[in-house]
Amino acid sequence: MSLTILSGGDELADKFRDCCRRYSRLDVAVAWCGDPSYKLPYGDLGEFRGQIHATVGISFNRTHPDAIAWFMQQDRVHLRIVRDDKALFHPKVYLFSRGDAYALIVGSSNLTFSGFHANVEVNAYLRGKFSDALPGVAQLRDRLSEWRTDAYSLVPSNRWLSAYRKRYVATLKKARKASVKTEPQAEEEIATASWLGQADWNVYHSEVLAGLKHYEERDDGIRAALDAGARLLVRPWRTTYFADEERRRVINGIGDYAALGHVGASGAFRRLIKNGRAAQHRTIVRSMNTIAGLSHPVQWSLLKRALTDLVNLGPTMKVWGRLLCLVKPDLFCTISSPSVRANLSKVLEVPQSEFTQVAGYIKLIQLLHASPWFNGAAPQSKKAQYIWQRRVAFMDAIFY
Numbered sequence: 003m004s005l006t007i008l009s010g011g012d013e014l015a016d017k018f019r020d021c022c023r024r025y026s027r028l029d030v031a032v033a034w035c036g037d038p039s040y041k042l043p044y045g046d047l048g049e050f051r052g053q054i055h056a057t058v059g060i061s062f063n064r065t066h067p068d069a070i071a072w073f074m075q076q077d078r079v080h081l082r083i084v085r086d087d088k089a090l091f092h093p094k095v096y097l098f099s100r101g102d103a104y105a106l107i108v109g110s111s112n113l114t115f116s117g118f119h120a121n122v123e124v125n126a127y128l129r130g131k132f133s134d135a136l137p138g139v140a141q142l143r144d145r146l147s148e149w150r151t152d153a154y155s156l157v158p159s160n161r162w163l164s165a166y167r168k169r170y171v172a173t174l175k176k177a178r179k180a181s182v183k184t185e186p187q188a189e190e191e192i193a194t195a196s197w198l199g200q201a202d203w204n205v206y207h208s209e210v211l212a213g214l215k216h217y218e219e220r221d222d223g224i225r226a227a228l229d230a231g232a233r234l235l236v237r238p239w240r241t242t243y244f245a246d247e248e249r250r251r252v253i254n255g256i257g258d259y260a261a262l263g264h265v266g267a268s269g270a271f272r273r274l275i276k277n278g279r280a281a282q283h284r285t286i287v288r289s290m291n292t293i294a295g296l297s298h299p300v301q302w303s304l305l306k307r308a309l310t311d312l313v314n315l316g317p318t319m320k321v322w323g324r325l326l327c328l329v330k331p332d333l334f335c336t337i338s339s340p341s342v343r344a345n346l347s348k349v350l351e352v353p354q355s356e357f358t359q360v361a362g363y364i365k366l367i368q369l370l371h372a373s374p375w376f377n378g379a380a381p382q383s384k385k386a387q388y389i390w391q392r393r394v395a396f397m398d399a400i401f402y
C-alpha cells in the first residue's frame, strides 16, 4: 500500500489520467460535476474503457445538466443522482479497481475542470490491494454501494433531466441577479479552450478526430492543403515561387487548398504575392526560410524577427499564420478562423486585436508547445502519426 498527497499543479489530473489507463472499473461519488465542454476531466473518462458507476449530487442545483447528459449517453456508465430529500451530498471519491488491485483518490476535488486544474485543491492518492487494505477502504466501498440504492438515489430519465435543467438555469439567473458568484459561474469565466494547455495526446487526438468527423470535407481539405505545402513550398523558398500559379493558389488558400484559411480573399495579400516588389518578395523568402528551418525547442528570438519582418509588409498574423502552418505544421497553426481567435484570446488573456500581432501569436505557440499533448510520445498507429507529425496545424479542426 502506498499513500501520496496530491496538492500541486496537475498532480491530480496526471494520476487520474494514469488510472483511467490502468484500471477496468471506476466508482465515483461527487458533490458536483462541471460542464463537459471544458473537455477535462471528461476527455480522460472518454478514454476509460471500463465500467463507470457514478453517484452525483445536485445540491443547490450546481451540477451542470450537460454533465448528467454526458453520463447518460455513455453505454458503459451506470449513473445515479442523489435524491433531493437527502442530506447535503459532499464527497469527492474516485475508486479505480481491477481485480484485487485498487487506486483511491479522495479529497477536495469535484468532477470539474476547476477541481482538476484551476482551483487550489488537496487530495490523497492511495494504491494497493483490497485483500490487505485498511478497514476504511472496505467501509468506503460499503458506503458507495449504499449511496447507489433506490432509497438514496435515482436513475435519471430524459424527463427528469429536462426538469433539472430548468432548475439549474433558474438558480444561475437568481445568483447573477443577486451578484452572488457560485461554482458554476466561476467555471463559466474560464475559457472553454483552457483544456488545450492541460490535455494529453489521447484527449487532443480525440478532439481533432471529433472535429474532422463533424465536418468530413474538412479532413480532406486540411490534408490537401498540408500535403500541397509539403510538396510545393519546400525549403529553400525562392522568389520564383510567386510566379508559379499553383504555388500562389496554395499560399492564398484558393480552391482545393482553402482549408486552414482562404487568406487570398484579401485582395491586398493576393497582389503582394503576385505583383509585390522584388524587395518585398525577398523579405518573404528570407523570413519563410528562417521559419522553415526552426525546430523544437523554437528559438523565439529568430521567430520574432522573421514574423516582425512579415507583418511590416502589411498583413497581420491572421494571414501569415497560414503560411507558417503549411511549412511547419508540427510547430505552428493558423489563426484565420474567427472561432479559433475568439477562444484562444480568452486563454491567453489578450484581446483578439493583439492576438493577431507577433507577440500574441508567439504567446499562443509557447502555450501549445508547453502542453502535454505536444510533448508526449509519438503514437504507434500510422493514421495517428499523420496527425501527430502535423499536430499543431490540426488544432484548426477542433475550433472550426
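Remember, our numbering sits 2 above the position in the sequence shown when you count from 1.
Each residue gets a CB set at the ideal place from its N, CA and C atoms; glycine is no exception.
Boundaries (first-last residue) of the alpha helix (DSSP H) holding residue i
i    : result
R403 : The structure shown does not extend to residue 403, since the chain is modelled only from 3 through 402, so no value can be given for it.
L163 : 160-179
R307 : 302-313
R27  : Element bounds for R27: not the alpha helix (DSSP H) but the beta strand (DSSP E), 27-32.
A70  : The sequence given here places Ile at residue 70; Ala does not occur at that position. From DSSP, the alpha helix (DSSP H) with I70 extends over 67-74.
P186 : 185-190
M397 : 397-401
With 16 other Cβ atoms within 10 Å as the buried cut-off, status of residue i
i    : result
W302 : exposed
N204 : buried
A212 : exposed
A33  : buried
D332 : exposed
V182 : exposed
N277 : exposed
A261 : buried
V157 : exposed
A140 : exposed
H55  : buried
V122 : exposed
R392 : buried
K41  : buried
S373 : buried
G138 : exposed
R150 : buried
A31  : buried
G117 : buried
V236 : exposed
L304 : exposed
G10  : exposed
S164 : exposed
E248 : exposed
R343 : buried
DSSP three-state assignment for residue i, whether helix, strand or coil
i    : result
D46  : helix
T241 : helix
H283 : helix
Y96  : strand
T292 : helix
S9   : coil
G1   : Beyond the ends of the chain as shown, which are 3 and 402, falls residue 1; an answer cannot be given.
V265 : helix
A380 : coil
L90  : coil
Y104 : strand
S4   : strand
S155 : strand
Residue i beta carbon near the ligand ATP (any heavy atom closer than 7 Å)
i   : result
D29 : The model depicted lacks the ligand ATP and carries no ligand whatsoever.
Enclosing beta strand (DSSP E) for residue i [first to last residue]
i    : result
V210 : Element bounds for V210: not the beta strand (DSSP E) but the alpha helix (DSSP H), 203-216.
I256 : It is not in any beta strand (DSSP E) - I256 carries neither H nor E in the DSSP assignment.
A56  : 53-58
Any chance the segment 227-243 sits against the segment 268-287, with 3 or more Cβ pairs inside 8 Å?
Short answer: they touch.
Three-pair Cβ contact test at 8 Å for the segment 170-178 versus the segment 63-81
yes
Please list the segments of the beta strand (DSSP E) lying wholly inside the segment 115-151, counting only runs of 3 or more residues, in order along the chain.
125-131
Can you list, in chain order, the stretches of the beta strand (DSSP E) that have 3 or more residues and sit fully within the segment 328-368?
none
Meets three-Cβ-pair contact criterion under 8 Å: the segment 4-13 and the segment 117-136:
Of all C-beta pairs linking the segment 4-13 to the segment 117-136, three or more are shorter than 8 Å, placing the two stretches in contact.
Cβ pair count under 8 Å reaching 3, the segment 223-231 against the segment 323-339
yes
Within the chosen definition, does the segment 375-390 reach the segment 310-319 through at least 3 CB pairs nearer than 8 Å?
Taking a cut-off of 8 Å on C-beta distances, the segment 375-390 does not touch the segment 310-319, as fewer than three cross pairs fall below it.
Does the segment 14-24 come within contact of the segment 98-116, defined as at least 3 CB pairs closer than 8 Å?
Per the Cβ contact rule, the segment 14-24 is in contact with the segment 98-116 (3 or more Cβ pairs under 8 Å).
Counting pairs of beta carbons, one from the segment 337-352 and one from the segment 285-297, are three or more of them closer than 8 Å?
no
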